[in-house]
Amino acid sequence: MTEVLSEQMGSGSHSGALLEVDDLHVEFRTRAGVAKAVNGVTYSVDAGETLAVLGESGSGKSVTAQTIMGILDIPPGKVTGGEIRFRGVDLLKLPEDQRRRIRGEGISMVFQDALSSLNPVFPVGWQIAEMFRMHRGTSRADAKKKAVELMDRVRIPAAKERVNDFPHQFSGGMRQRIMIAMAIALDPEILIADEPTTALDVTVQAQIMGLLAELQRDSNMGLILITHDLGVVADVADKIAVMYGGRIVENAPVHELYKNPAHPYSKGLLESIPRVDHKGQELYAIKGLPPNLLEMPTGCAFHPRCPYRRDNCVTDVPPLYTISGTRGSACHYWREVIDEGER
Amino acid sequence: MKASAESILEVRDLVKHFPLTQGVVVKRQIGAIKAVDGVSFDLHRGETLGIVGESGCGKSTLAKLLMALERPTSGSVRVHGRDITSARGAELKRMRRNIQMVMQDPYTSLNPRMTVGDIVGEPFEIHSDVVPKGGRRRRVQELLEVVGLNPDHINRYPHQFSGGQRQRIGIARGLALQPEIIICDEPVSALDVSIQAQVMNLLERLQNEFDLAYIFIAHDLSVVRHISDRVAVMYLGKIVELGRDAEIYDSPTHPYTQALLSAVPVPDPEGRETRQRIILQGDPPSPANPPSGCHFRTRCWKAQDICAQQAPALEVRPGSGHPSACHFAEVRDVVNAQ
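For the protein sequence lines, the chains are A and B, in the order given.
Add 246 to the 1-based position in the first sequence for the working numbering, that's all there is to it.
Add 573 to the 1-based position in the second sequence for the working numbering, that's all there is to it.
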C-alpha cells in the first residue's frame with residue numbers, strides 16, 4: 247500500500263478486521279421487478295486469511311464481490327444499505343477517485359473467464375504494465391520490465407519472449423496466470439478470486455490453486471475465494487460463508503463446517519456431491535430449485551426445499567444465530583441439524 | 574446395475590484426423606489435428622462406460638464418431654455387429670435410432686422457438702413409424718412424466734424451465750426412440766451442485782428401468798466414478814487406461830491417471846496439510862503436433878528414452894489386471910493414500 251493511501255485511510259487505527267462487509271443490501275431494478283440479490287451479507291477477512299464464499303448461481307456471491315470492488319453496474323444495481331469497511335473506512339462513502347486508487351492497490355480481483363476479461367487487441371505485457379503506468383506513473387520501459395518480472399512470478403515460461411504475445415496465443419491456464427499477475431501487480435492487501443478455476447481442467451486447476459496459495463503466503467494477502475466447488479474450498483479455506491438467496495446461511499471455520507454443518511442447505515450440499523475417494527449409493531438430492539430473486543419465498547428463503555421445515559419457517563426470517571464465537575447459522579432449528587449430523 | 578456380457582457396441586482402432594490446410598485458392602494440407610488416434614473399446618448392454626480426460630483430449634469428437642455425426646478417418650464402430658461408419662441412407666437412419674445423445678449445455682441444445690412437446694416429439698417426426706401420429710402427444714407426455722416433469726407443461730417453451738429441468742427435457746428427447754445406447758456428453762457440468770445430484774439420480778433410475786447403456790463423457794472425475802461401471806482415461810486422442818471403476822480409482826497404473834486423480838480436490842479438509850499431490854507442469858501439447866512415442870512423456874516424471882521412441886500399447890501389464898498404455902505401469906493408490 248502506498249503512503250498516500252495509508253494517510254487517507256488512517257492506517258492501523260481501527261480495531262476490526264482488514265475488510266469487513268456489514269449488513270450489505272444490493273438490489274437490481276429491472277423491468278420485471280426488483281431483484282433482491284444481496285440481503286444483509288456480513289463477513290470479514292484479515293491479512294493472510296482465506297475466506298471461501300460458497301454458493302450456487304444467483305446466491306449473490308459475485309454481486310457482493312462486485313460491490314466491494316466498486317464495479318457493480320449502477321443502474322440497474324443499487325446498494326440499498328450496509329457498509330464495506332476497508333481498514334475501518336467505509337468504501338461506499340468514498341468519492342470515486344479515492345475508490346479508484348484502492349482498486350488494485352488495496353483490493354484486487356481475479357475473474358472467472360480470463361479470455362473475456364483480457365483485452366484481445368493488446369499484448370498481455372502491455373496490459374499488465376498498464377497497472378504501473380496508470381497507478382504509479384511508471385515509464386513505459388520500466389513498466390514493461392516489471393510486467394516481465396510478474397509473468398515470471400506467476401510462472402509463465404519464457405516470460406521475456408512472451409510479453410508481447412496476445413491473449414489468444416495463451417492456453418486457458420496461462421491466461422488465468424496473466425489475470426493473476428495483473429491482480430497482484432500493485433501488492434494488494436485483499437485479493438478477491440471469483441471462480442478462478444471453474445473454466446479450467448483439474449490438473450491446471452491444481453496448478454492455479456497452488457500458485458494462489460503461494461502468492462498469499464509470500465505477501466500475507468487476505469484472500470476471498472468465491473466458488474461453488476466444495477472440493478476446492480476444503481483444500482484452501484480457513485473459514486467459509488455459505489450463501490443462499492442473497493444471505494449468508496452459515497459461517498464457520500472450515501473443519502467444523504465439513505464435519506458438522508449447522509444449516510440444512512450446507513448439510514444437503516455436502517451430502518449431494520459424489521466423491522472421488524469412494525463410490526456411494528444413490529446421491530442425496532436437495533429437492534426443488536434455487537429461489538427466484540424476483541419472488542423470494544417468505545420467511546426463510548430455503549423453506550420450500552428444507553426437510554426440517556416447520557410452520558414458523560414460512561413466516562419468520564431466521565436471524566444468523568450465534569453458535570459459538572466463530573460460527574453462525576441462519577436456521578431456526580440449527581440445534582437439530584447439528585445434533586443429527588456428526589459426519 | 575449389473576451389466577451383461579453381451580457387447581452391443583464395438584469400437585475398433587477408431588481414428589479421426591482433421592486436416593489443417595493452407596492457401597485460399599489452392600488448398601494444401603499441411604498437417605492434421607489428431608483428435609481421435611486409435612481408440613478401441615466395447616460397451617455392454619446396461620453398463621455405463623465413463624470417459625474422462627482434459628479439454629482437447631478428443632472425448633467429444635469420439636462421441637460424434639459414435640453417433641455417426643462425423644466420418645472417421647479409419648476404424649470401425651459396430652452396433653450389434655453392423656458398422657455404422659459405412660452405413661448410408663435408410664440403414665444409417667435405422668441404426669441411429671439405437672444411439673441417442675444428451676448434450677452438455679441445456680441452454681443452447683434446445684430450440685427456443687419450439688415447445689417442449691415439439692422438441693421431445695421431433696424424433697417421432699423423423700422416425701415416423703415408431704409411434705403413429707395420433708398417439709404421439711400422449712407418448713410425449715409419458716416421456717415427460719418419466720423424466721420427472723409435469724406432463725401438463727407440454728406447451729411451454731424452454732425459457733420457462735430452469736437449467737436442471739431443461740436437461741430433463743434433453744434426456745426425454747434422447748429416450749423418445751427407446752435406444753439401447755445413450756451418449757451423455759458432459760450432461761451435468763453446466764448445472765448447480767444441488768441440481769447435479771437430481772439429474773444423476775434420474776440417469777441411474779432410467780438405466781435400471783430401460784436397461785440402457787451409457788457412454789458418460791465428463792471431466793469431473795468424482796461424477797464419473799459415481800455413475801460408471803468401467804472408466805476409460807483419454808489423453809491426446811488415445812485411451813491410456815481402461816478398467817472397472819475400482820481398478821481405475823483405487824489402483825491406477827498410468828502416471829497420467831494418477832496425476833489426474835491426485836489433482837481432484839477432496840471435499841474434506843481433514844488431513845489436507847499432509848495430502849500428497851502430483852502437480853503436472855504445463856499444459857497438454859497440441860493434438861496437431863503430439864510428442865513422438867508416448868504422448869504423455871513431455872509431462873511425465875517417469876519418462877525415459879524408450880518413451881520417446883516407442884508408443885506404449887494399451888495392454889494388461891504385469892502387476893495389475895487391467896490394460897494401461899505405459900511402459901512403466903505401476904499401481905499407485907493416489908486417492909486413498911491421501
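For glycine and all other residues, C-beta sits at the position ideal for the given N, C-alpha and C.
Bear in mind the structure is a predicted one, so any value in this text is a computation, not a measurement.
Where does residue i sit, in a helix, a strand or coil, going by DSSP?
i	result
Arg798/B	helix
Asp359/A	coil
Asp388/A	helix
Val761/B	coil
Tyr730/B	coil
Leu722/B	coil
Tyr530/A	coil
Met380/A	helix
Ala431/A	coil
Thr646/B	coil
Glu903/B	coil
Gly350/A	helix
Asn365/A	coil
Phe412/A	coil
Pro896/B	strand
Asn285/A	strand
Lys307/A	helix
Met773/B	helix
Thr296/A	strand
Ser859/B	coil
Lys632/B	helix
Across which residues does DSSP place residue i in a beta bridge pair?
i	result
Phe697/B	Phe697/B pairs with nothing; no bridge assigned.
Asn323/A	What sits at residue 323/A in the sequence shown is Gly, not Asn. Partner(s): Phe274/A.
Pro592/B	Ala605/B
His617/B	Ser580/B
Gln673/B	Ile755/B
Tyr490/A	Arg493/A
Arg585/B	Ser649/B
Glu329/A	Asp268/A
By Cβ distance, which residues of its chain are closer than 6 Å to residue i, with the 5 residues on each side in sequence left out?
i	result
His895/B	Gly816, Glu820
Gly514/A	Ile532
Tyr579/A	Tyr554
Thr931/B	This structure cannot settle anything about residue 931/B, because the visible part of chain B is limited to 574 through 911.
Thr594/B	Lys600, Gln602
Gln422/A	Ala360, Ile454
Gln673/B	Gly747, Pro752, Ile755
Give me, in chain order, the residues of the same chain whose beta-carbon lies closer than 8 Å to that of residue i; leave out the 5 immediate sequence neighbours on both sides.
i	result
Pro369/A	Val409, Asn410, Asp411, Phe412
Leu779/B	Val719, Val720, Ile744, Leu748, Leu785
Gln451/A	Thr443, Val478
Glu249/A	Model confidence at Glu249/A stands at a pLDDT of 46, short of 50, so the residue's coordinates are unreliable; what they give is reported in the following sentence. Same-chain partners within the cutoff: there are none.
Val583/A	Pro507, Ala508, His509, Pro510, Lys513, Tyr554, Ser575, Cys577
Ala660/B	Ala641, Met668
Ser735/B	Ile768
Gly306/A	Val272, Ala283, Val284, Asn285, Val287, Met489, Gly491, Gly492, Arg493
Asp562/A	Gly545, Cys546, His578
Ala861/B	Leu593, Gly604, Ala605, Ile606, Lys607
What is the C-beta distance between residue i and residue j, in whole angstroms, given that I count them as a contact (C-beta under 8 Å)?
i	j	result
Ser795/B	Arg331/A	About 39 Å; that fails the 8 Å criterion.
Ala293/A	Asn466/A	5 Å
Ala281/A	Leu539/A	4 Å
His827/B	Ala886/B	His827/B to Ala886/B, Cβ: 12 Å. No contact.
Pro696/B	Arg739/B	Contact flag wrong, Cβ pair sits at about 17 Å.
Could you name the residues of the same chain whose beta carbon sits closer than 7 Å to that of residue i, not counting the 5 residues immediately before and after it, in chain order?
i	result
Met377/A	Gly350, Met428, Ala431, Leu432
Ser801/B	Thr621, Leu622, Gly623, Phe789, Asp818
Ile486/A	Ala298, Leu300, Val479, Asn497, Ala498, Val500, Leu503
Pro338/A	Here the sequence assigns Leu to residue 338/A, which means Pro is not the residue at that position. Once the five neighbours on either side are set aside, the close Cβ partners of Leu338/A are Val325, Glu329, Ile330.
Asp269/A	Gly286, Thr288, Gly327, Gly328
Could you tell me which chain C residues have their CB closer than 7 Å to the CB of residue i, listed as they occur along the chain?
i	result
Glu627/B	In the displayed structure, chain C is absent; the protein chains listed are A and B.
Using a Cβ-Cβ cutoff of 9 Å, what residues of the segment 472-488 of chain A are near chain B? List them in chain order. His474, Asp475, Leu476, Gly477, Val478, Val479, Ala480, Asp481, Val482, Ala483
Q) Between the segment 843-865 of chain B and chain A, which residues of the former have a C-beta closer than 9 Å to a C-beta of the latter? A) Glu843, Arg845, Arg848, Arg850, Ile851, Ile852, Leu853, Gln854, Gly855, Asp856, Pro857
(Q) Output needed in chain order: residues of the segment 280-291 of chain A with a Cβ under 7 Å from some Cβ in chain B. (A) none
| task | Return the residues of the segment 519-536 of chain A that lie within a Cβ-Cβ distance of less than 8 Å from chain B, sorted by chain order. | result | Ile519, Pro520, Arg521, Val522, Asp523, Lys525, Gly526, Glu528, Leu529, Tyr530, Ala531, Ile532, Lys533, Leu535, Pro536
Within 7 Å of chain A by C-beta, residues of the segment 781-811 of chain B in sequence order
His792, Leu794, Ser795, Val796, Arg798, His799
- request: Note down, in chain order, all residues in the segment 581-604 of chain B with a beta-carbon under 8 Å from any beta-carbon belonging to chain A.
  value: none
Legend entry - Contact residues within the segment 752-781 of chain B, judged by C-beta distance below 8 Å to chain A: Asp765, Val766, Ser767, Ile768, Gln769, Ala770, Gln771, Met773, Asn774, Glu777
*Going along the chain, which residues of the segment 289-310 of chain A sit with their C-beta nearer than 8 Å to a C-beta in chain B?*
Glu302, Ser303
Closer than 9 Å between beta carbons: that is the criterion. Which residues of the segment 713-744 of chain B meet it against chain A? Ser735, Gly736, Gly737, Gln738
### Query
When Cβ atoms are compared, which residues of the segment 500-514 of chain A fall closer than 9 Å to chain B?
Val500, His501, Leu503, Tyr504, Lys505, Tyr511, Gly514
field: Cβ-based contacts, 9 Å cut-off: residues of the segment 404-423 of chain A near chain B
entry: Ser417, Gly418, Gly419, Met420
#### Entry: chain A contacts from the segment 821-832 of chain B (Cβ-Cβ distance under 8 Å)
Tyr822, Ala832
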